[in-house]
Amino acid sequence: MFNHLLKVALAQIAPIWLDKAATLEKVKKSIKEAAENGAELIVFGEGLVPGYPWWLSITHSAAWDNRIQKEIHAHYVRNAVQIESGDLNEVQKLAAAHQITVYLGIIERPQDRGGHSLYCSLVYINQQGEICSIHRKLQPTYDERLTWSPGDGHGLQVHPLKEFTVGGLNCWENWMPLARTALYGMGENLHIAVWPGAVRNTENITQMIAQEGRSFVISVSSLMRKSDFPTNTPHLDVILENCPETLGNGGSCIAGPDGKWILEPVADQEGILYQTLDFNRVLEERQNFDPVGHYSRPDVLELRVNRERQSSVRVE
36 MFNHLLKVAL AQIAPIWLDK AATLEKVKKS IKEAAENGAE LIVFGEGLVP GYPWWLSITH
96 SAAWDNRIQK EIHAHYVRNA VQIESGDLNE VQKLAAAHQI TVYLGIIERP QDRGGHSLYC
156 SLVYINQQGE ICSIHRKLQP TYDERLTWSP GDGHGLQVHP LKEFTVGGLN CWENWMPLAR
216 TALYGMGENL HIAVWPGAVR NTENITQMIA QEGRSFVISV SSLMRKSDFP TNTPHLDVIL
276 ENCPETLGNG GSCIAGPDGK WILEPVADQE GILYQTLDFN RVLEERQNFD PVGHYSRPDV
336 LELRVNRERQ SSVRVE
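See the structure below:
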């Protein structure tokens with residue numbers, strides 16, 4: 036076993052949109068396939084289970100007290116993931132059975148926030164099938180704020196994986212310098228960036244983060260096409276009226292610690308992408324730059340991180 040080598044799998048797939056159970060079946064199938072191909076880590080896109088809120092930008096979602104928006108939202112809530120209720124139990128068991136680590140993007144309906152609001156969360160499941168962190172997106176972007184709630188710093192955590200230290204952020208969180216710095220400071224050298232699906236999102240920032248952090252960066256995007264909307268979607272006719280043929284075209288990719296492509300962004304292709312990463316490349320590139328080590332000035336610049344899980348109620 037070479038601890039400095041890590042085979043990774045990028046699951047660039049489309050959800051069975053707003054169908055939690057069916058999408059989880061697709062996730063489990065991908066985990067099995069990746070494990071059979073020798074992968075030790077598999078990553079899925081942002082909010083894959085049960086899907087990204089694509090309707091927001093094409094259905095006048097900011098209309099106040101609108102019945103159509105309320106009914107679509109209620110359907111979304113019903114299909115969101117409740118970890119406390121065991122929604123990810125089978126995924127955890129599968130990870131343990133195949134000894135594969137999983138980063139899974141979900142829309143979470145957490146009981147510790149009352150069980151009605153939604154959060155865009157990134158879940159880390161280790162090779163023993165344990166959920167080690169649930170990172171709720173710090174700041175939903177633009178129209179996402181009409182359906183997702185802002186998260187907290189509790190999930191800003193990193194995890195050991197062979198010789199690597201892995202951490203992750205959701206979509207435009209990756210543009211937040213202090214969020215990135217928090218993970219760097221915890222020792223991150225394999226950064227996971229998850230996206231709903233667009234080459235335009237991944238083609239520049241993936242290389243930038245890799246060069247800034249002198250780390251490997253894996254960007255994983257989902258896919259979503261007009262044909263992927265299930266026929267039982269509430270108000271499907273309204274959604275399809277102004278819907279483009281492609282909403283998410285992928286863009287999954289990998290950059291090395293020198294900022295150069297290992298896997299260039301892949302568009303319009305559904306499936307699992309594989310690559311083997313060599314931890315020694317991190318050590319080589321940290322020789323001349325380490326953003327939180329020899330090239331930092333903690334006497335001048337310091338970041339403080341609040342990792343307390345936020346809640347509206349404390350029961351004592």
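Each residue of the sequence shown is one higher than the one before, starting from 36 at the first, in the numbering used here. Glycine included, C-beta positions come from ideal geometry on N, C-alpha and C. As the structure is a prediction and not an experimental result, all values here were calculated from the model.
For residue i, the first and last residue of its enclosing beta strand (DSSP E)
i	result
tyrosine 111	That residue, tyrosine 111, is in no beta strand (DSSP E); its alpha helix (DSSP H) goes 102-113.
valine 229	225-230
leucine 129	That residue, leucine 129, is in no beta strand (DSSP E); its alpha helix (DSSP H) goes 124-133.
valine 301	296-302
alanine 290	281-290
glutamate 143	136-143
Buried versus exposed call for residue i [16 or more other C-beta atoms within 10 Å across all chains shown]
i	result
histidine 170	buried
methionine 211	exposed
valine 84	buried
alanine 109	exposed
serine 257	buried
asparagine 277	exposed
serine 65	buried
leucine 213	exposed
aspartate 27	The shown model of the chain, from 36 to 351, leaves out residue 27, and the question about it has no answer.
histidine 151	exposed
asparagine 315	exposed
asparagine 72	exposed
leucine 336	exposed
valine 348	exposed
glycine 149	exposed
phenylalanine 37	exposed
tyrosine 177	exposed
glutamine 242	buried
alanine 97	exposed
leucine 91	buried
glutamine 104	buried
leucine 308	buried
leucine 312	buried
Residue i versus residue j: straight-line alpha-carbon distance, rounded
i	j	result
glutamine 47	isoleucine 77	10 Å
leucine 40	glutamate 320	16 Å
glycine 285	alanine 49	9 Å
histidine 329	serine 168	29 Å
alanine 56	valine 126	12 Å
proline 265	glycine 164	31 Å
asparagine 161	valine 43	14 Å
valine 137	threonine 94	34 Å
leucine 132	alanine 217	Note that residue 132 corresponds to alanine in the displayed sequence, not to leucine. Whole-angstrom Cα-Cα distance: 32 Å.
methionine 221	glutamate 198	14 Å
tryptophan 183	leucine 153	5 Å
lysine 61	aspartate 263	14 Å
serine 120	serine 346	19 Å
leucine 225	leucine 129	23 Å
tryptophan 207	tryptophan 89	16 Å
tyrosine 87	tryptophan 52	8 Å
valine 255	glutamine 146	28 Å
histidine 270	valine 317	49 Å
isoleucine 118	isoleucine 141	10 Å
phenylalanine 23	valine 158	With the chain covering only 36 through 351, there is no way to say anything about residue 23.
leucine 139	alanine 74	15 Å
glycine 283	glutamine 304	11 Å
leucine 45	glutamate 351	43 Å
isoleucine 244	arginine 344	27 Å
glutamate 68	isoleucine 240	29 Å
threonine 381	arginine 260	Given that the chain is displayed from residue 36 to residue 351, the structure contains no residue 381 and the question cannot be resolved.
glutamine 310	asparagine 101	46 Å
Cβ distance (whole Å) where residue i is taken to contact residue j below 8 Å
i	j	result
glycine 248	glutamate 223	7 Å
threonine 155	asparagine 124	The identity of residue 155 in the sequence shown is cysteine, whereas the question assumes threonine. About 21 Å separates the two Cβ atoms, so there is no contact after all.
glycine 306	isoleucine 297	Contact flag wrong, Cβ pair sits at about 18 Å.
valine 112	glutamate 143	So it is not a contact: roughly 11 Å between Cβ atoms.
proline 231	glutamate 81	5 Å
valine 234	proline 279	Contact flag wrong, Cβ pair sits at about 15 Å.
glycine 368	leucine 196	Since the first residue shown for the chain is 36 and the last is 351, residue 368 is missing from the structure and cannot be characterised.
alanine 228	valine 252	6 Å
alanine 70	isoleucine 135	5 Å
leucine 219	proline 333	According to the sequence as given, residue 219 is tyrosine; it is not leucine. About 13 Å separates the two Cβ atoms, so there is no contact after all.
glutamine 246	glycine 294	3 Å
Extent of the continuous alpha helix (DSSP H) to which residue i belongs
i	result
glutamate 319	315-320
Residue i at chain C interface by Cβ criterion, 8 Å
i	result
alanine 233	This model lacks chain C altogether, as it is built from one protein chain only.
Kindly provide the ranges of any alpha helix (DSSP H) runs that are 4 or more residues long and lie completely inside the region 152-220, ordered along the chain. List check, alpha helix (DSSP H) in window: 212-220.
Just to confirm the assignment: which complete beta strand (DSSP E) runs, minimum length 3, are found wholly within the region 45-91? 76-79
In chain order, which alpha helix (DSSP H) runs of at least 4 residues are fully inside the region 234-279? 234-248, 271-276
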